[in-house]
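**Student:** If you want this note's numbering, it's the position in the sequence shown, counting the first as 1, plus 656.
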Amino acid sequence: MKLMNQLFAEIIIPLALPKNYTWAIPERFHELVQPGIRVEVMLGGRKKYAGIIKKIFPNKPEAFHPRDIINVLDQEPVLHTEQLKLWEWMAGYYMCSEGEVMQAAVPANLKLSSESILIWNEERSLNFSDLSDNEYIVAEALEMKKELRISEVQDLLDVSHVYPVVKKLIEKEVCYVWEELKEKYAEKKQTYIELAPAYRNEEALAALLNNWGKAPKQMELLLAFLHLQKTEGTVIQPELLKKANASAAQLKGLIDKGILLAEKRSTDRIQLGHKNSNLSFTLSPAQQHALQSIQTVFQTKQVCLLHGVTASGKTQIYTELMQEQLNMGNQVLYMLPEIALTAQIIRRLQEYFGGQIAIYHSKFNANERVEIWNKVKSGEIKIVLGARSALFLPFKNLSLIIADEEHDHSYKQQDPAPRYHARDAAVYYAGLFQAKVILGSATPSIESYFNCEQDKYGLVRLTERFGDAQLPAIELIDVKKYQQKGKIAFTEPLLDAIRQSMGEQKQVILFQNRRGYAPYQICNTCGWIPQCRNCDVTLTYHKFKNKLSCHYCGTQYPVITTCAACGSHDFTQKNFGTEQIEELLNEYFPEARIARMDYDSVKGKNDHDALIKLFEQRRLDILVGTQMVVKGLDFEHVNLVGIIDADGILGFTDFRVNEKAFQLMEQVSGRAGRKDDLGKVLIQVSNTLHPVLSFVQKHEYDALYRYEMANRKEFNYPPFTRIIQLVFKHKEKHIAEEAANIMMGGLSPHFPKEISGPAQPVIDRIRNQYLWELLIKLPKNMQHIGQCKQMIIQQTAIIQSNKRYSSVRIIVDVDPL
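(1) In terms of residues, what are the limits of the beta strand (DSSP E) holding residue 1214?
(2) Closest by CA to residue 1448, which one among 1423, 1435, 1406, 1462?
(3) Grab the span of the alpha helix (DSSP H) containing residue 904 for me, first residue to last.
(4) Determine the contact status of residue 1134 and residue 1341, defining contact as a CB-CB distance below 9 Å.
(5) CA-CA distance, residue 1379 and residue 1361?
(6) Between residue 957 and the rest of its own chain, which residues show a CB-CB distance below 7 Å, the 5 nearest in sequence each way excluded?
(7) Check whether the Cβ atoms of residue 1481 and residue 874 sit closer than 9 Å, and answer yes or no.
(8) Residue 1228 lies in the alpha helix (DSSP H); which residues open and close that run?
(9) Can you grab the Cα-Cα spacing for the pair residue 1139 / residue 1146, in whole Å?
(10) Does at least one heavy atom of the ligand NAP sit under 8 Å from the Cβ of residue 794?
(11) What is the C-beta distance between residue 876 and residue 905, in whole angstroms, given that I count them as a contact (C-beta under 8 Å)?
(12) Tell me whether residue 1138 sits in a helix, a strand or coil according to DSSP, three-state version.
(13) Give me the Cα-Cα distance between residue 830 and residue 682, rounded to the nearest whole angstrom.
(14) Could you round the C-beta distance between residue 1033 and residue 1052 to whole angstroms and report it? I think they count as a contact, below 8 Å.
(15) For residue 907, tell me which candidate among 671, 872, 1157 has the shortest Cα-Cα distance.
(16) Counting only runs of 3+ residues fully inside the stretch 1288-1317, write out the beta strand (DSSP E) ranges in chain order.
(17) Going by beta carbon distance, what residues of the same chain come within less than 7 Å of residue 838, once the five residues before and after it are set aside?
(18) For residue 858, is the classification buried or exposed, using 16 other Cβ atoms within 10 angstroms of its Cβ as the cut-off for buried?
(19) Examine the Cβ distances between the stretch 739-747 and the stretch 1067-1086 and report whether three or more of them are shorter than 8 Å.
(20) Scan the stretch 1033-1083 and note each continuous beta strand (DSSP E) run of 3 residues or more that stays entirely inside, going in chain order.
(21) Answer yes if the stretch 686-696 comes into contact with the stretch 729-736, meaning at least three C-beta pairs across the two stretches below 8 Å, and no otherwise.
(22) Using the Cβ count rule (16 or more neighbours within 10 Å means buried), how would you classify residue 721?
(23) So what's residue 1122 in DSSP terms, helix, strand or just coil?
(24) DSSP puts residue 1251 in a beta bridge; with which residues?
(25) Just list the beta strand (DSSP E) runs in the stretch 931-994, keeping only unbroken ones of 3 residues or longer that don't cross its boundaries, in chain order.
(26) Going by beta carbon distance, what residues of the same chain come within less than 8 Å of residue 1218, once the five residues before and after it are set aside?
(27) Reducing DSSP to helix, strand and coil, say where residue 1091 ends up.
(28) To the nearest angstrom, how far is the alpha carbon of residue 1385 from that of residue 757?
(29) Please classify residue 840 as buried or exposed, where buried requires at least 16 neighbouring CB atoms within 10 angstroms.
(30) Starting from the N-terminal side, write out each stretch of the beta strand (DSSP E) that is 3 residues or longer and does not extend beyond the stretch 1156-1201.
(31) Cβ of residue 1298 less than 9 Å from any chain D Cβ?
(32) Helix, strand or coil: how does DSSP classify residue 727 here?
(33) Going straight from the alpha carbon of residue 1002 to that of residue 1444, what length do you get?
(34) For the pair the stretch 1161-1175 and the stretch 1228-1242, tell me if three or more CB-CB distances fall below 8 Å.
(35) May I ask you to report which of helix, strand or coil DSSP gives residue 1101?
(36) Are residue 1429 and residue 1414 close, meaning C-beta to C-beta below 9 Å?
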C-alpha cells in the first residue's frame, strides 16, 4: 500500500480504555468509512468488537503499528456528529472513558463482541438444504454440541469474519445468541392474510359463499376474515384466529383450497398512530403570560427555568412550546426523572400529540429500542418522552429540551460510569444544536436558581395554581405529645383527619419514606441488632415475604428469633415501613380500600400504571407509599396528605439535606387540593422548630434558598464550589485506606485547602467492599478544575500500577448528589 493511500481511524469500543485506540483502514474500505459508522475490530488475541469511528486521519501513530479493521458493518452512520461530541464532553467532564459512554448510550444489539455464544434452537425443525456451505458446517456442529462460541465458529470455518454467517443462521432461526437473547435486533415479522385474487370481485365471492358445502368452521373463519378486512383494512393471522376462535389448521385448510393467501411481512414494533395534534385546552392568563415570558427569554438566553408552584399547569405550557417546534418540523426531547413513574403525563401527552411522540426507557426490549433509535435518527419521530438515557438518542434537528422536575436526583446516574447528570448534560447537548432548554420545577435545585441569579439562565415564575385552586394548608403535629411508650405511626389528629376525608368521600395519600415492615429489630435483653453479612447496615423486616432484607445488596435472610449475642428470644421491631403502615390502616379503617405503592409492590412493567388508574377511578380510598407517590401524580379528589415521619427526612447527614427535605415535603403536599377543594397536609414531626418546616408551611422557596445559600457560602459548598468525590473500594479495609492516603499524599501538595479526608462514609461496607472517601471542593475556575482532574488521573495510574493496589476500585464522581 502506498503511503499516500493510508488512512487511520480513532475508534470507540464499549470498554473502559484510558484512551481510544487507533486502527488502520484497508484501502478497500476507504470509500465506505466515515465518522459514526460501525466497524468490526480486534483488540488483543481474538477478541472482537463493533466499534464506532470517531475520526479519520492520514497520519500513522508513531508509538505502535495499528491493526487493520476487519469489516465495515454499516452503510450509513448509526449516529450523528453531535452525539460523538456529547460523548467526548461527557467523558472529559465526568472523568470516564468514551467507551463507557458508548456502553451506556448505544442499544445493546448495536454492540457485538466475540464472547457471544450461539445456542441451538431445539424448537425449530430445520431443512438443511436451505443453508449455504458455511451455514451448513456451523449448523451441523451446533446440532451436535448445542452451543458454540464465536471463536469456535471462526475455527470451524477457518476465517475470522463470521458475522454474516451467524446473522443468516439467526435469521433462519437455526440458533439464537445466549447473552444477547433479548438484544439482537431482527425485523419483526407478521403473517398477513389476504383474499385470493380469484375471489376479489363480489360475484365470485358471493358464488363461493352461496355454494359452500361442509366445513362450517372454515366458513366462520372466512366470514371473520371478511369482517376484519372491512373494519381494519389489513388482517394479521393472530387477530383473525382470535376473533374466529379458530385453529391454525382450519386457516391452513382455506389457504390450501386457494381461498386465502398468507404472506410474511416486516412490521414495526413501535406503532406510532396518527400524526395529528389535539391541544384540547386553553391556557389561563397566568399560563399565557408565563409562555410569552419564556419566549422572550429565549430571544437572548439558551436556558430558562420555569419555577411554577405545584398544579400550576406547567405541562400545558410545555405542550404549547412543543407544538411550536412541531410546526417547524423540529424535534423535541421531553425528559422526566423516572419514566415508569409518570404514567399520567405520558397518557396526557399521547392524547395531545398522538403518533408524533415516542417513549424511550429501560422497560423496552432492545429490539424496540433500536427501532426508536433509527426513527429518531431519520427524523421520523419528532417528540421523545424519556428518562435520562433518552439524552443519548441520535437526534437530527433537536430544537427544544424540556427537563421536567429538574431538581430530581434521579437525573444523576450513580453506577456504573458515566456518572452524569442528565439535566446538566442536556444543557451542553442543546448547545450543539443551538437548541433551547426549559428546566421546570415547583422546587428548583439551588444550583439552577443560582444560575438564574447570575443571569446565566432566564427565570419565569408561575405563582398560582391552575383553575384558581389554592395551595394546601400545612399543619405540624408534634408527635412528642402523643407518644406514651416508644414511637407511634399515627397520632390522633392524623387519624381524625383521615376519618373526616373518608366521610366526605375524598381520597387520602400517606407518605413514609421507608419500605418494608420494620426498618430494624432489636434484642430487648442486650440491644443486639441483626445486620447484613455483606454490608454494615441493619436488616429490614418484610412481613409479606417473612424475610429480613438488606436494601443495599439485596441479600435476604430468614427471620431471626434468637439473639446471636445473648440467646434471648425477646425482640422489638423499631420504626415503621410502608408495609406496616398499610397493615395498621386496615386495622383502623377496615371498610376502606387501601393500597401500597413502593418498590416491593409495583415491580412489574405495568403495575404502577394499573395502581394509578385504580386511584384515579376512585376505586381506592387511601394510597400509602414512598417517594413514588410524589412524582408526576395529579388526583383531583385528594384533599388530605399525611407525612408519617418528617424527622426521618430531616435527619440525613448530607449538606443538601435541607434542600432535599423541602423539595420532598413540598412535592408531597402538592398532591393535595389540586382542583376545587382546599387541601390539607399534616406533618408528624418531633423537631417542630426545624427551620425547613416553617419554609414548607408557608410554601416559601425563596426563604429556603436564602437560608441555604448563607450556609453553603460559609462552609464552601456548591453552588460556590465544584465537588469531586473519590471513593476507594476493596475487600480489605486497610488496603482501601492505604490507597486513599496515597491519593491524598499525591494531591494535597497541589490542592492543600481543597481536600477533606480520607474518611469512612456512614455506611462503610457494601457487598463486602470497604469504602474510604476523599472530598475535593474546588473553586469554579475551569483551569484549576482541569488541573485537578489531570492530577487525579495520574495518581490513579500510579496507585493501580502498584500490585498491592491493582484491585482497588477507584470511583470518581464529579458533582455528586
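Just so you know, even glycine gets a beta-carbon here, dropped at the ideal spot from N, CA and C.
**Tutor:** On the basis of the coordinates in this document:
(1) Within the sequence shown, the letter at position 558 stands for residue 1214. Taken as a continuous stretch (DSSP letters only), the beta strand (DSSP E) holding residue 1214 covers 1212-1214.
(2) Along the sequence shown, read from residue 1 onward, the residue named residue 1448 stands at position 792. Ranking 1423, 1435, 1406, 1462 by Cα distance to residue 1448 puts 1406 first.
(3) In the sequence shown, residue 904 corresponds to position 248, counting from 1. Taken as a continuous stretch (DSSP letters only), the alpha helix (DSSP H) holding residue 904 covers 904-912.
(4) As a position in the sequence shown, residue 1134 is number 478, starting the count at 1. As a position in the sequence shown, residue 1341 is number 685, starting the count at 1. Yes.
(5) Your numbering for residue 1379 matches position 723 in the sequence shown. Your numbering for residue 1361 matches position 705 in the sequence shown. So the alpha carbons of these two residues sit roughly 20 Å apart.
(6) Numbered from 1 along the sequence shown, position 301 holds the residue referred to as residue 957. Once the five neighbours on either side are set aside, the close Cβ partners of residue 957 are 1113, 1114.
(7) Outside the displayed span of the chain (657 to 1473) sits residue 1481, for which this structure offers no information.
(8) Here residue 1228 is taken as the residue at index 572 of the sequence shown, counted from 1. Careful: residue 1228 lies outside any alpha helix (DSSP H), inside the beta strand (DSSP E) at 1227-1230.
(9) Taking the first residue of the sequence shown as 1, we reach residue 1139 at position 483. Taking the first residue of the sequence shown as 1, we reach residue 1146 at position 490. So the two alpha carbons sit approximately 10 Å from each other.
(10) Ligands in the displayed structure: none, and consequently the ligand NAP is not present.
(11) Translated into positions along the sequence shown, residue 876 becomes position 220. Translated into positions along the sequence shown, residue 905 becomes position 249. Between residue 905 and residue 876 the Cβ distance is about 14 Å, and since that is not below 8 Å, they are no contact.
(12) Looking up residue 1138 in the sequence shown gives position 482. Residue 1138: coil per DSSP, three-state reduction.
(13) What you label residue 830 is simply residue 174 of the sequence shown in a count that begins at 1. What you label residue 682 is simply residue 26 of the sequence shown in a count that begins at 1. Distance between the alpha carbons of residue 830 and residue 682 is about 33 Å.
(14) If you number the sequence shown from 1, residue 1033 lands on position 377. If you number the sequence shown from 1, residue 1052 lands on position 396. Yes, residue 1033 and residue 1052 are in contact; Cβ-Cβ is about 6 Å, under 8 Å.
(15) As a first step, residue 907 must be located in the sequence shown, where it is residue number 251. Among 671, 872, 1157, the Cα nearest to that of residue 907 is on 872.
(16) 1294-1299
(17) Counting from one through the sequence shown, the residue named residue 838 turns up at place 182. Confidence in residue 838 is poor, its pLDDT being 31 and thus under 50, which makes the residue's placement unreliable; the coordinate value appears in the next sentence. Excluding positions up to five away in sequence, the list reads 1021, 1022.
(18) Along the sequence shown, read from residue 1 onward, the residue named residue 858 stands at position 202. Flag for residue 858 reads exposed.
(19) yes
(20) 1039-1042, 1054-1060
(21) yes
(22) Stepping through the sequence shown from its first residue, residue 721 is reached at position 65. It counts as exposed.
(23) Looking up residue 1122 in the sequence shown gives position 466. Three-state DSSP puts residue 1122 in a helix.
(24) In the sequence shown, counting from the first residue as 1, residue 1251 sits at position 595. According to DSSP, residue 1251 bridges with 1279.
(25) 959-964, 987-991
(26) Within the sequence shown, numbered from 1, the residue matching residue 1218 stands at position 562. The answer, listed in chain order, is 1224, 1225.
(27) Walking along the sequence shown from the start, residue 1091 turns up at place 435. Looking at residue 1091 - three-state DSSP - the assignment turns out to be coil, as it is neither helix nor strand.
(28) Numbered from 1 along the sequence shown, position 729 holds the residue referred to as residue 1385. Numbered from 1 along the sequence shown, position 101 holds the residue referred to as residue 757. Whole-angstrom Cα-Cα distance: 22 Å.
(29) Against the sequence shown, residue 840 aligns to sequence position 184. In this prediction, residue 840 scores a pLDDT of 43, lower than 50, which makes its location untrustworthy; no coordinate-derived value is stated.
(30) 1163-1167, 1176-1179, 1196-1198
(31) Within the model displayed, chain D is absent; a lone protein chain is all it includes.
(32) Residue mapping note: residue 727 aligns to position 71 of the sequence shown, counting from 1. Strand.
(33) Position 346 of the sequence shown, counted from the start, is the residue given in the question as residue 1002. Position 788 of the sequence shown, counted from the start, is the residue given in the question as residue 1444. Answer to the nearest angstrom: the Cα atoms are 42 Å apart.
(34) yes
(35) Position 445 of the sequence shown, counted from the first residue, corresponds to residue 1101. The answer is coil: DSSP assigns residue 1101 none of H, G, I, E or B.
(36) Indexing the sequence shown from 1 puts residue 1429 at position 773. Indexing the sequence shown from 1 puts residue 1414 at position 758. Yes, they are a contact pair.
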